[in-house]
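K.L.:
The numbering of the sequence shown is numbering that gives the first Met the number 0, which starts it at 0 and goes up by one.
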Amino acid sequence: MELLSQKKAEAPEQGKVVTAENARGEQSMPLQGENPLIVAAEAGKKILEAGGETYRAEEMVVRLCRLWSCKDAECFATPTGIMASITGEDGRSYGVVRRISRRSVNLHKLGALIHLVERAEQEKLDEHLFLYFLHQLEIAQPYPLPVSLGAAGLSTFFFTLLFQGSLGDGLAAFLVGIGIKLVMIHLQKRNLPDFITHLVGGMVVALLSGACFSLGLGKQLDKIIIGSIMLLVPGLATVNAIRDTMAGDLVAGIARFADAIITAMAIAMGVLLVVVWG
Numbered sequence: 000m001e002l003l004s005q006k007k008a009e010a011p012e013q014g015k016v017v018t019a020e021n022a023r024g025e026q027s028m029p030l031q032g033e034n035p036l037i038v039a040a041e042a043g044k045k046i047l048e049a050g051g052e053t054y055r056a057e058e059m060v061v062r063l064c065r066l067w068s069c070k071d072a073e074c075f076a077t078p079t080g081i082m083a084s085i086t087g088e089d090g091r092s093y094g095v096v097r098r099i100s101r102r103s104v105n106l107h108k109l110g111a112l113i114h115l116v117e118r119a120e121q122e123k124l125d126e127h128l129f130l131y132f133l134h135q136l137e138i139a140q141p142y143p144l145p146v147s148l149g150a151a152g153l154s155t156f157f158f159t160l161l162f163q164g165s166l167g168d169g170l171a172a173f174l175v176g177i178g179i180k181l182v183m184i185h186l187q188k189r190n191l192p193d194f195i196t197h198l199v200g201g202m203v204v205a206l207l208s209g210a211c212f213s214l215g216l217g218k219q220l221d222k223i224i225i226g227s228i229m230l231l232v233p234g235l236a237t238v239n240a241i242r243d244t245m246a247g248d249l250v251a252g253i254a255r256f257a258d259a260i261i262t263a264m265a266i267a268m269g270v271l272l273v274v275v276w277g
């Protein structure tokens, strides 16, 4: 199987709103790497990086290849890589492999990617335009920092109340949640292994919870820790593991289960280190 090399497309200008109509007439930004298989595989890679299920990434790649009249489109994805192949007009098989080196949970981006694929099918976008809009998603600004911090704080606040904590415990967990989010953002920028990131995250939970408890912001330390730690629990990874397994993707399902278990162990170890040695 002949592997196709990937070419990157130039990103559009910041803040520029582009529709399918005016993008078709745009001549100033040449797009490269328009090969349908390469573009489809890149879309599947983005879906996996955003936290999507493997069967969904495979489905999207095949749908795009069929949209662009590719024959015998096949795709196989795991949490760490994606492989796709088609049969060319010359009867030869062509394939592309993409390595998934970083994974996150970005449901907003995942939804936008799925919507883009559906839009491509409805409006019959070719691979040039699809690649253009794909890079538009890449340069889109994430949620503002205050919004992310507020969401993290509210999540830990209500989780603490759910576990029968008092309002004081919830307030302490709110502050802990903001602190955890700041630390996790800083760690993720350094591209550290997930195990180390969640190990440090568990330690930060225990340290900040203990500090709030010592200052009298809460009366039940265990409730504060449990409510705050929910911000780090790999819930989406566990759900994706179950969905991949039920869809028949046993390799991906087992890999995601293992990833979720290791992440949970890292969080527990981080909390335990502070509680025992602190």
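Ideal Cβ placement from N, Cα and C applies to all residues, glycine included.
Note that this is a predicted model, so its numbers are computed, not measured.
Suppose the cutoff is 6 Å on Cβ atoms and the five residues either side in sequence are ignored; what does the same chain contact list for Phe212 look like?
P.N.:
Within the sequence shown, the letter at position 213 stands for residue 212. Setting aside the 5 residues that flank it on each side, Phe212 is surrounded in the same chain by Leu220, each with a C-beta closer than 6 Å to its C-beta; the list follows chain order.
K.L.:
Going by other Cβ atoms of all chains shown within 10 Å of its Cβ, with 16 needed for buried, is Ile266 buried or exposed?
P.N.:
Reading the sequence shown from its first residue, position 267 is the one you call residue 266. Classification for Ile266: buried.
K.L.:
Quick check on Lys108: does DSSP put it in helix, strand or coil?
P.N.:
Along the sequence shown, read from residue 1 onward, the residue named residue 108 stands at position 109. In the three-state DSSP reduction, Lys108 falls in the helix class (H, G or I).
K.L.:
Using three-state DSSP, classify Ser27 as helix, strand or coil.
P.N.:
What you label residue 27 is simply residue 28 of the sequence shown in a count that begins at 1. Below a pLDDT of 50, predicted positions are generally treated as unreliable, and Ser27, at 33, falls in that range; the measurement from the model is reported next regardless. It is coil, neither helix nor strand.
K.L.:
Can you name, in chain order, every residue of its own chain whose Cβ lies under 7 Å from the Cβ of Ile224, other than the five neighbours on each side?
P.N.:
For this step, residue 224 is matched to residue 225 along the sequence shown. Here the set comprises Val204, Ala205, Ser208 and Val270.
K.L.:
If you pair each beta-carbon of the segment 161-170 with each one of the segment 189-204, do three or more pairs fall below 8 Å?
P.N.:
no
K.L.:
State the Cα-Cα distance for the pair Thr237 and Gly94, rounded to the nearest angstrom.
P.N.:
Taking the first residue of the sequence shown as position 1, residue 237 is located at position 238. Taking the first residue of the sequence shown as position 1, residue 94 is located at position 95. Distance between the alpha carbons of Thr237 and Gly94 is about 31 Å.
K.L.:
So what does Glu57 bridge to, in DSSP terms?
P.N.:
Within the sequence shown, numbered from 1, the residue matching residue 57 stands at position 58. DSSP output for Glu57 lists no bridge partner at all.
K.L.:
Let me check one thing: in DSSP terms, what residues is Met82 bridge-paired to?
P.N.:
Here residue 82 refers to the residue found at position 83 when the sequence shown is read from its first residue. Answer is Phe75 and Val96.
K.L.:
Roughly how many whole angstroms lie between the Cα atoms of Arg65 and Ala40?
P.N.:
By 1-based counting over the sequence shown, the position of residue 65 is 66. By 1-based counting over the sequence shown, the position of residue 40 is 41. The alpha-carbon atoms of Arg65 and Ala40 are separated by roughly 13 Å.
K.L.:
Use the C-beta contact count for Val116: other C-beta atoms within 10 angstroms, 16 or more gives buried, fewer gives exposed.
P.N.:
Here residue 116 corresponds to residue number 117 of the sequence shown, with the count starting at 1. With 16 or more Cβ atoms within 10 Å of its Cβ, Val116 is classed as buried.
K.L.:
Tell me the DSSP secondary structure of Lys70 in three-state form.
P.N.:
Mapped onto the sequence shown, residue 70 falls at position 71. Three-state result, Lys70: strand.
K.L.:
Are three or more beta carbon pairs between the segment 73-82 and the segment 123-139 nearer than 8 Å?
P.N.:
no
K.L.:
Can you tell which of Leu272, Val250, Ile184 and Ile261 has the C-alpha that lies nearest to the C-alpha of Phe75?
P.N.:
The sequence position of residue 75 within the sequence shown is 76, counting from 1. Among Leu272, Val250, Ile184 and Ile261, the Cα nearest to that of Phe75 is on Val250.
K.L.:
How long is the line joining the alpha carbons of Ala111 and Glu57, rounded to whole angstroms?
P.N.:
Locating residue 111 in the sequence shown gives position 112, counting from the first residue. Locating residue 57 in the sequence shown gives position 58, counting from the first residue. Cα-Cα distance, rounded: 17 Å.
K.L.:
Run through DSSP, which three-state label would Pro233 get?
P.N.:
Counting from 1 along the sequence shown, the entry for residue 233 is found at position 234. In the structure shown, Pro233 sits in coil (DSSP, three-state: anything other than H, G, I, E or B).
K.L.:
Counting only runs of 4+ residues fully inside the segment 103-165, write out the alpha helix (DSSP H) ranges in chain order.
P.N.:
106-122, 126-137 and 144-161
K.L.:
Buried or exposed: which applies to Glu88, given that a residue is buried once 16 or more other Cβ atoms fall within 10 Å of its Cβ?
P.N.:
Residue 88 sits at position 89 when you count from the first residue of the sequence shown. Its Cβ having fewer than 16 others within 10 Å, Glu88 is exposed.
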